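Novice: The structure under discussion is supplied below as structure tokens; questions concerning it will follow.
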Amino acid sequence: MLKVSGNALKSHSADKDELDVQAEADRVVLTEHAPVGVVINREMEVVQFRGRTTPYLAPPPGTPSLNVLKLARNGLAIELRALITAATKRASLPGKRISRSPRTGTSGCSTCQ
314 MLKVSGNALK SHSADKDELD VQAEADRVVL TEHAPVGVVI NREMEVVQFR
364 GRTTPYLAPP PGTPSLNVLK LARNGLAIEL RALITAATKR ASLPGKRISR
414 SPRTGTSGCS TCQ
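The sequence shown begins at 314 in our numbering and counts up one residue at a time.
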């Protein structure tokens, strides 16, 4: 199949290759450069992981759970619950980010500017 784009003819396979390159570029940027996170539902269960969340979330021993508070590592559950509650009340993003210090390995929450 040929498509006319301006004065040039493009084949359908060229468009597909271009889309494949774009999808791969998006994947690399998201996995390597974007902040990690999760999407949760109203029951605080993770419905999607975005990036490598292991510095912040890990499955606890015992019965498997996707509850974000049960997955929270290193004492983050208390602050995480407060952030989720605040976001739910405001129906917007909480304006805080959970981060890990590369030097000390400790986690904490900080305000995003």
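Every residue gets a Cβ at the ideal spot worked out from N, C-alpha and C, and that includes glycine.
All of these numbers come straight from a predicted model, not from anything done at the bench.
When burial is assigned at 16 or more other CB atoms within 10 Å of the CB, is Asp328 buried or exposed?
Specialist: Flag for Asp328 reads exposed.
Novice: What are the complete beta strand (DSSP E) segments, minimum 3 residues, inside the segment 340 to 377?
Specialist: Runs of the beta strand (DSSP E) inside the segment 340 to 377: 350 to 353 and 359 to 363.
Novice: Taking the alpha-carbon positions, what's the Leu332 to Gly364 distance?
Specialist: If you take the alpha carbons of Leu332 and Gly364, they lie about 22 Å apart.
Novice: From this set, Arg386, Arg355 and Ala390, which residue's C-alpha is nearest Thr367's C-alpha?
Specialist: When only C-alpha atoms are compared, the closest one is Arg386.
Novice: From Ala347 to Ala336, what distance separates their C-alpha atoms?
Specialist: About 15 Å.
Novice: Which residue's Cα is closest to the Cα of Gly260: Ala399, Ser378, Pro373 and Val334?
Specialist: Only positions 314 to 426 of the chain appear in the structure, and residue 260 is not among them; the question remains open.
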